[in-house]
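K.L.:
Numbering (this note's numbering), first residue to last: 14 to 537.
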Amino acid sequence: MSKALHGPLSTDVLTDEATTSTTWADQDRLDRLSAAPVWTDELVRAAGLRVVDVPLVTIGGGLASFALVDFLRVSGVPAEDIRVVGAHGAPYTGIRHLMRCSQILDHESLRSDSMSRVDNVWGFPGYAVQRAISRRTIQPLWNVLTEPLVAEYFNPSPDEVFHGIDREAARIEWTSMITPGWVRMVRRRDQGGYFSLVRPTAGGPPFALCSHYVHIGTGYSAVNYAPEVRTYREKHHEYFRVVNAYEPHEHVYQVLTRRPTTVVIRGAGITASRILERLFEERFRSGQDVQIMHLFRTHVDQHDGPRTFGRRGGDGWSYQPFSFPKAATAGQLRQRLLGMDAHQRAEYIKTIGGTTSALRRTWQAQLQHGRDAGYYRAYRGELRELTPTARGTVEARIDVATLPANTRIDVDFVIDCTGLRLNVGESRLLADLLDTTDASRNPMGGLDVGEHFEVKGVCEEAGAIYASGTVTQGGYLAPVDSFWGFTHAALQICDDLARRGFCPRLGMSRSVTGWCKWLRGVRP
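1. Could you tell me if HIS316 is buried or exposed, where buried requires 16 or more neighbouring beta carbons within 10 angstroms of its beta carbon?
2. Verify whether the separation of the beta carbon atoms of ALA92 and MET198 is less than 8 Å.
3. Kindly list the residues whose CB is nearer than 7 Å to the CB of PRO456, restricted to its own chain and excluding five residues on each side of it in sequence; keep chain order.
4. According to DSSP, is PRO50 helix, strand or coil?
5. Between the alpha carbons of ASP302 and ALA145, how many angstroms are there, rounded?
6. Tell me whether TYR140 sits in a helix, a strand or coil according to DSSP, three-state version.
7. Quick one: using the 10 Å Cβ neighbour count with 16 as the cut-off for buried, is ILE151 buried or exposed?
8. For TYR238, which residues does DSSP report across the bridge?
9. In chain order, what residues of the same chain have a beta carbon less than 7 Å from the beta carbon of PRO401, not counting five sequence neighbours either side?
10. Rounding to the nearest angstrom, what Cα-Cα distance links GLY476 and TYR207 in this structure?
11. Going by alpha carbons, who is nearest to PHE426 out of MET306, ALA511, VAL163, GLY329?
12. Between which two residues does the alpha helix (DSSP H) carrying GLY177 extend?
13. DSSP has GLY326 in a bridge; who is on the other side?
14. Given this structure, state the Cα-to-Cα distance separating SER336 from LEU435, to the nearest angstrom.
15. Considering PHE499, what are the terminal residues of the alpha helix (DSSP H) in which it resides?
16. Evaluate ALA103 with the Cβ neighbour count: other Cβ atoms within 10 Å of its Cβ, from every protein chain shown; 16 or more gives buried, anything less gives exposed.
17. In three-state DSSP terms, what is LEU18?
18. Grouping DSSP H, G and I as helix and E and B as strand, with all else coil, what is PHE84?
19. In the DSSP assignment, what residue or residues form a beta bridge with ILE478?
20. By Cβ distance below 8 Å, which residues in the same chain neighbour VAL265 in space, the five residues on each side in sequence not counted?
21. Mapping DSSP to helix, strand and coil, what is THR311?
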């Protein structure tokens, strides 16, 4: 299965001289190399790069990479045929950082269901069964059986998810496939396949991975700083009082537990709801007078959504248990999406997704108490300008329908929860891919991929480039940035790789055998 892509050049170390002389300071040769849209073995050799042959390379090292590697290992692909390029050892390092910044702690509930397991390609047993066994109670099982009519939807905790991933990572020998580093560019090889230029995290010389197949799962390109926040920071160089929910901001909660504080929060998604929950909790524990002003760009007052499905709404929020309806994963909405063209898909995904939050009873009780007591006030309006004051506060100019135009208020903190940003042009790797190949963006800004998540315009008979996760937003699957989305994309990619002869197809017999091995913790 592990085929060399070329002869003498296929070696981990060419010579000591080649290895030590190739540094990022030797920019001339690398510039000539990066200017070529197709690389030959001679061109790579002239650049002095070390070349490593491996059939498949996955770039990112996060959950999208992990889901694909897990499927490949279950399908029978040996660990030595896979190379994972990422900056972190654990595949959940990035998402864990974002969770903790947005106040989703390891024991909190995630916006996911019992069977969406990135560590278990079969989805059974689900997290509810796991929790029932570990805690010796049938409550989680009752929760799943009666959701959502009697009980709220069951949601696993980050701790349960990460523990399962650690177990599966050890089983499939994840660390043996890791190459710590960043891929700066991917180029076609003139004889078939691709070169991936890797810059090691340890600061050593760059080298090239030569493979038949490349998978890209690099995730979001950046935090989405709203224009007002960006302007405030660039102009005043102040980062303490105006923060984004996806960056570390624990100092906000430390301050408000010591003295009366006024906080402005903007956003209407699941992150905004969790930030509010943390503010309510700290206010209750500390006994301090914490005033919360909440700005909604779109204030939902009633039932929301198209006729084909609906969402509960009220008090500014649009409620949906998950980021997308379950029918968008493998039901009617999913089938409808498959029959649409690119522009229709983009509009449909925006309609069935959008900014929503889960309807949880504890959090609803906190909101109602805040409204009744007067320390939580919600408005439909816009944040126009932020200015620091000599008093150590921030003057916020807002436009709110129920207040005079250009109202100015003094606040201690502004927490912006407008989310993460997908802009493939901001990723050095993806921008280079778009510039040097026929790859393109879909109408939602993600990479244009096919039904098997192959990047359109770059695949060939001798190899293919795939992508999954948020970088494919706007494709044939709506919930791409979810545990279920990662595993579904991995299944589709593996089916295409099996068609190309890279790996065996995961049929009934192999699947049952693989599940029994997973249950016992036996290596694939």
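Every residue gets a Cβ at the ideal spot worked out from N, C-alpha and C, and that includes glycine.
Just so you know, these numbers come straight off a predicted model, no measurement behind them.
P.N.:
Put simply:
1. Result: exposed.
2. Not a contact, by the Cβ cut-off of 8 Å.
3. Cβ within range, chain order: ALA355, HIS356, ALA359, GLY487.
4. If DSSP states are grouped into helix, strand and coil, PRO50 belongs with coil.
5. When only Cα atoms are considered, ASP302 and ALA145 end up about 40 Å apart.
6. In this structure, DSSP gives TYR140 a helical state, which the three-state scheme calls helix.
7. Answer is exposed; the Cβ neighbour count stays below 16.
8. Bridge partners of TYR238: none, in fact.
9. HIS249, GLU251, VAL407.
10. Whole-angstrom Cα-Cα distance: 8 Å.
11. It is MET306.
12. Looking at the DSSP string, the run of the alpha helix (DSSP H) that includes GLY177 is 171-184.
13. Residue pairing by DSSP places GLY326 opposite SER331 in a beta bridge.
14. Straight-line spacing of the CA atoms in SER336 and LEU435 works out to 16 Å.
15. Its alpha helix (DSSP H) spans residues 496-512.
16. Buried.
17. The predicted position of LEU18 is uncertain, since its pLDDT is 46 and thus under 50; no value can be drawn from it.
18. In this structure, PHE84 counts as helix in the three-state DSSP scheme.
19. For ILE478, which the question treats as bridged, DSSP gives the partners VAL227.
20. Sequence-distant Cβ neighbours of VAL265 in its own chain, meaning closer than 8 Å and more than five residues away, are VAL256, VAL276, PHE426, ILE428.
21. In the structure shown, the three-state DSSP call for THR311 is coil.
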